[in-house]
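Q: Submitted below is the structure of interest, expressed as structure tokens.
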Ligand SMILES: [Cu+2]
């Protein structure tokens, strides 16, 4: 009986919390035509890759939908530190598949575990090169069928670079935030940030190649719509 009362109390608290929180959503658009994405055709740096991957592929530096929707934009509340829930969050996953990193851009919290998998029947070398104080450079070989590698970062940093020293075309970029109120825009350019405590914030939208845009916003207990338009200069 005591346990039941505890559960009931927890449910009441959860409802009260989400009713008092807001949501930020919107769409990121790109105006103008970006340079074409680089195409990787020559995988001969590793004959195992040329055997495995028969088709040329693009490095998705700019992922733009037909209507201009821009993917892989990191949208976050600026200037908030010490609010990470990363230590108890579900691990994020970065895979190596077909001699590419999947996904190309990822976002996690400080202290959140990032598992790097090797789904390929060949050796990769995971070399991460953060620059923020508190984040460590690491360089680890990963054999085919080997266990997942575990990474985590102590400091917020945008677009931490992962590279493979065996395959010079392999890069991924991980945004690390010190709180949970961020999102990456999807293929259609839209994003949603849920459960945001009401207040005034600077909302930042960052694209690795196109820079950062900012807007001053106010979150109440409803939905606030904030769009950003990047321009190719
Ligand atoms: Cu590799």
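In this note's numbering, the protein residues as written are 2 to 234. No residue lacks a Cβ here, since even glycine has one placed at the ideal position from N, Cα and C.
Alpha carbon to alpha carbon, how far is residue 154 from residue 135?
A: 8 Å
Q: I need the straight-line Cα distance from residue 23 to residue 190, nearest angstrom please.
A: 21 Å
Q: Residue range of the beta strand (DSSP E) that residue 44 falls in?
A: Per DSSP, residue 44 belongs to no beta strand (DSSP E) and is neither H nor E.
Q: Counting by C-beta, which residues lie closer than 5 Å to a heavy atom of ligand 1, in chain order?
A: Cβ-based neighbours of ligand 1 within the cut-off: 125, 165, 167, 168, 171.
Q: Taking all protein chains shown into account, do 16 or more other C-beta atoms lie within 10 angstroms of the C-beta of residue 27, making it buried, or fewer, making it exposed?
A: buried
Q: Is residue 83 closer than 7 Å to residue 31 when the C-beta atoms are compared?
A: no
Q: Report the rounded CA-to-CA distance for residue 223 versus residue 62, giving the unit in angstroms.
A: A straight-line Cα-Cα distance of about 34 Å links residue 223 and residue 62.
Q: Return the CA-CA distance between residue 130 and residue 172, expressed in angstroms with no decimal places.
A: The C-alpha of residue 130 lies about 11 Å from the C-alpha of residue 172.
Q: I need the DSSP call for residue 142, collapsed to helix, strand or coil.
A: Residue 142: strand per DSSP, three-state reduction.
Q: What three-state label does DSSP hand residue 173 in the structure shown?
A: Strand.
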